[in-house]
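*Asks:* Numbering (the working numbering), first residue to last: 4 to 574. Using N, Cα and C, we set each Cβ at its ideal position, and we do this for glycine too.
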Amino acid sequence: MAPTAAAATAAAAVAAVEEAEALLGLLQRVQSEALRALGPNDFDPKLYVDLPLAADASAAGAAAALASLPRSPPSRGEMEAYISRYFAPAGSDLVAADPPDFECEPRGFLPKVENAAARAWALEVHALWKDLMRRVAPAVAARPDRHTLLPLPGRVIVPGSRFREVYYWDSYWVVRGLLVSKMYETAMDITLNLVYLIEKYGFVLNGARSYYTNRSQPPLLSSMVLDIYMATGDMVFVRRVFPSLLKEHSFWMSEVHNVAIMDNHGRLHNLSRYQAMWNKPRPESATIDEELASKLPTAAKEKFYHQVASTAESGWDFSSRWMRDSTDMTTLTTSYIIPVDLNTFMLKMEQDIAFFAKLIGETTTSERFSEASKARHNAIESVLWNADMEQWLDYWLPTDGNCQGAYQWKSNSQNRTIFASNFVPLWLNAQHSGLERFVDEAKSVRVMRSLQKSGLLQPAGIATSLSNTGQQWDFPNGWAPLQHLIVEGLLRSGSGEARELAEDIATRWVRTNYDAYKATGAMHEKYDVETCGKSGGGGEYKPQTGFGWSNGVILSFLDEFGWPQGKEIDC
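1) State the start and end residues of the unbroken alpha helix (DSSP H) segment that holds Met265.
2) Is there contact between the segment 460-476 and the segment 289-306, where contact requires at least three CB pairs shorter than 8 Å?
3) Using DSSP bridges, identify the partner residues of Met136.
4) Whole-angstrom Cβ separation of Trp566 and Glu117, contact assumed at under 8 Å?
5) Measure the CB-CB distance between Arg218 and Met256 and report whether it falls below 8 Å.
6) Which residue marks the beginning of the beta strand (DSSP E) containing Asn516, and which one marks its end?
7) Quick one: complete alpha helix (DSSP H) runs, 4+ long, within the segment 362-389?
8) What's the gap between the Cα of Ser253 and the Cα of Asp573?
9) What three-state label does DSSP hand Ile572 in the structure shown?
10) Here's a check: name, in chain order, each residue in its chain whose Cβ is nearer than 7 Å to the Cβ of Glu293, leaving out the five neighbours to either side.
11) Below 8 Å, how does it come out for the segment 96-105 and the segment 144-161: are there three or more Cβ pairs, yes or no?
12) Kindly give me the distance between the Cβ atoms of Ala125 and Leu561, rounded to whole angstroms, as I take these residues to be in contact under 8 Å.
13) Thinking just about the alpha-carbon of each residue, which of Gly541, Pro484, Ala445, Gly540 is nearest to the one in Gly497?
14) For the candidate residues Gly42, Ile340, Met238, whose alpha-carbon lies nearest to that of Trp412?
15) Could you name the residues of the same chain whose beta carbon sits closer than 6 Å to that of Leu594, not counting the 5 residues immediately before and after it, in chain order?
16) Considering only the beta carbon of each residue, do Tyr175 and Leu208 sit closer than 8 Å?
17) Measuring CB to CB, does Met352 end up less than 8 Å from Ser559?
18) If distances are taken between C-alpha atoms only, which option among Val183, Arg158, Asn389, Glu127 comes closest to Leu632?
19) On the criterion of 16 or more Cβ atoms from any shown chain inside 10 Å, does Ser78 qualify as buried, or is it exposed?
20) Tell me where the alpha helix (DSSP H) around Leu295 begins and ends.
21) Buried or exposed for Leu271, please, with buried defined as at least 16 other CB atoms from any protein chain shown within 10 angstroms of its CB.
22) Indicate the three-state DSSP secondary structure (helix, strand or coil) for Arg88 in the structure shown.
23) Given this structure, state the Cα-to-Cα distance separating Leu504 from Arg511, to the nearest angstrom.
24) If contacts are defined as beta-carbon pairs under 8 Å, then Ala62 and Ala25 qualify, I think. What distance do you get, rounded to the angstrom?
25) Let me confirm a value: Pro73 is counted as buried when at least 16 other C-beta atoms fall within 10 Å, else exposed. Which label applies?
26) Would you grab the beta carbon distance between Phe478 and Phe359 for me? Rounded to a whole angstrom, and I think it's under 8 Å.
27) Go through its chain and collect everything with a Cβ distance to Leu113's Cβ below 8 Å, but skip five positions before and after it.
28) For Gly408, which of Ala522, Val262, Pro428, Arg514 has the nearest alpha-carbon?
29) Between the alpha carbons of Glu36 and Phe372, how many angstroms are there, rounded?
30) I need the DSSP call for Gln455, collapsed to helix, strand or coil.
31) Using a threshold of 8 Å, state whether the C-beta atoms of Leu362 and Val241 are closer than that.
32) Cα separation between Ser553 and Met82?
33) Express the C-alpha separation of Val513 and Lys570 in angstroms, rounding to a whole number.
34) Measure how close the beta-carbons of Tyr135 and Gly180 come, nearest whole angstrom, since I'm counting them as under 8 Å.
35) Report back the beta-carbon spacing between Tyr410 and Pro342 to the nearest angstrom; my notes put them in contact at under 8 Å.
36) Do Phe105 and Met186 count as a contact pair if the criterion is CB distance below 8 Å?
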């Protein structure tokens, strides 16, 4: 490219970023004014930063009109009239799309589900893929300055309700469900959208919005690719995505996320943490973050905003797991925690890349990532394993000052509080890369016993924690991803007793989803595991329905375990 053309391209890219920031700044002011006008009851700040500009409106005109609204504050009618004049409805920049590979009852669908009621419901869950499928409207790519939604090349499955865009880690369980539904082309589309984000931004964003470009989410892209390959044998697909997997690994190994820690035997380990590249209120929740930070001094506000965004990168937003004081959100210290589950996902990524590299003939790369996975395995066992509790525990780094070298491991820095994440490394038993089990059978059984004694096993599934804080990633909520990760780990541990427990947990989870569906006509984002058939609550937004990952896990459980004719499906 000639220098003048290159300069013009660079200038256009800078201008596009500036325009996106200007729109987002405007929408945050709209969000703030809407809160003043409408009040806090049932107020969802995300709605306002999802608004595209109306076809006949300009950002400058919308900004001028906003500035002219009454300061006292505007009435509900004035605010609603302003929004309807200058903005199109949230979600209107996504258009309905028909999945090309959807069949009402695919050949070979859930062969082990014999019970008529269970099968009828499973087919209804399967049909929800049509309801959740969208395409990004062409106008988004044509005029990105008018949307916070990001353009994507393929069809998308949205989680549902207020989540109108693609999310990273949700997509793993969506893909798992699509594979059960024999929707291989759609599963590849979902995955290639995430690859597109890596090629454009250098990593998979938290979600496909301009306000999510400051953080990622739990890295499960390689797992999606592996599961699609195991279902299809598509080598062209593997070769296409492989370079992007290497880029994602580099992102997670950068100084932003990597932590060096020296164990008591003088061995140096590298592990990963969540850390957003952001120190302002999250645009999608700015009014909430500003209220929480209102009593903090300015310097402390920036640190708090950084921790809030880093917690959002974890997917567990929010939980007592990340707080020094479980009653006080301003004590979030997520970037000073080495999380068990993140390092599980990183080890899985390294194993997957080693497998793919061998598959496509890149032997040197395969050997390098095989060694990296072994090093991380040793790091997890040295730094996070607790032999007394027979669990893996998050490790808390000191927050006083920045460590310039390696941290020194201390036993009292392991967080001995019980969370479902303490058992997620069992999932590494379930990977299909042809490598040996992460945990041998004897250790898996000890971990299983620890889970049974932990208090997490409840009538309707596995609780996220034992603390009822009002945060959504705490007791009594159970989440589909956590059920799936732990059940798959138990199932592949080699122990017959662990397999029985896995099936028991899956049965409880299927029943609570079924009963809630029959009562409400919807699949839910989360469930209250104390009571069969009850959806979950808590957190900073109202409970949501839809719901991508819940649907995927139900289909996966029914595919794995089936449902015999005589087995009751309801609570």
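*Replies:* This is what the structure gives:
1) Premise fails: Met265 lies in the beta strand (DSSP E), 261-265, not in any alpha helix (DSSP H).
2) Under the Cβ criterion (8 Å, minimum of three pairs), the segment 460-476 does not count as touching the segment 289-306.
3) Looking at the DSSP assignment, Met136 forms a beta bridge with Ile160.
4) Taking C-beta atoms under 8 Å as the contact rule, Trp566 and Glu117 qualify, at a distance of about 7 Å.
5) At a Cβ-Cβ threshold of 8 Å, Arg218 and Met256 do not count as neighbours.
6) Here Asn516 belongs to no beta strand (DSSP E); instead the alpha helix (DSSP H) covers 499-523.
7) Here the runs fully enclosed are 366-382.
8) Rounded to whole angstroms, Ser253 to Asp573 spans 46 Å at the Cα level.
9) In the structure shown, Ile572 sits in coil (DSSP, three-state: anything other than H, G, I, E or B).
10) Non-local beta-carbon contacts of Glu293 in its own chain, meaning distances under 7 Å to residues more than five positions away in sequence, involve Pro284 in chain order.
11) Remark: three or more beta-carbon pairs, one from each stretch, lie closer than 8 Å, so the segment 96-105 and the segment 144-161 are flagged as touching.
12) Going by Cβ atoms, the distance from Ala125 to Leu561 rounds to 5 Å, so yes, they are a contact pair.
13) Of the candidates Gly541, Pro484, Ala445, Gly540, the one whose C-alpha sits nearest the C-alpha of Gly497 is Ala445.
14) Check the Cα spacing between Trp412 and each of Gly42, Ile340, Met238: the tightest is with Ile340.
15) Here the chain comprises residues numbered 4 to 574, so residue 594 is not present and cannot be evaluated.
16) No, the Cβ-Cβ distance between Tyr175 and Leu208 is not below 8 Å.
17) No.
18) Residue 632 lies beyond the stretch modelled for the chain, which goes from 4 to 574, so this question has no answer here.
19) Counting other Cβ atoms within 10 Å of its Cβ, Ser78 stays below 16 and is therefore classed as exposed.
20) Per DSSP, Leu295 belongs to the alpha helix (DSSP H) from 289-295.
21) Looking at its Cβ environment, which holds fewer than 16 other Cβ atoms inside 10 Å, Leu271 is exposed.
22) DSSP, reduced to helix, strand and coil, places Arg88 within a helical segment of the structure shown.
23) Straight across, the Cα-Cα distance linking Leu504 with Arg511 is about 11 Å.
24) Sure, about 6 Å apart at Cβ, within 8 Å.
25) Exposed, because fewer than 16 other Cβ atoms sit within 10 Å of the Cβ of Pro73.
26) About 39 Å separates the two Cβ atoms, so there is no contact after all.
27) Apart from sequence neighbours up to five positions away, the residues of its chain that approach Leu113 with a beta-carbon distance below 8 Å are Arg122, Ala125, Val183, Leu558, Leu561, Asp562, Gly565, ordered along the chain.
28) Comparing Cα-Cα distances from Gly408 to each of Ala522, Val262, Pro428, Arg514, the minimum goes to Val262.
29) CA-CA distance, Glu36 to Phe372, rounds to 51 Å.
30) Helix at Gln455.
31) Yes, the Cβ-Cβ distance between Leu362 and Val241 is below 8 Å.
32) As the crow flies, the alpha-carbon of Ser553 is around 36 Å from that of Met82.
33) Annotation: Lys570 to Val513 spans about 12 Å, alpha carbon to alpha carbon.
34) At residue 135 the sequence reads Leu, which differs from the Tyr that was named. Incorrect: roughly 10 Å between the Cβ atoms, too far for contact.
35) Contact flag wrong, Cβ pair sits at about 15 Å.
36) Taking C-beta atoms as the reference points, Met186 and Phe105 count as a pair closer than 8 Å.
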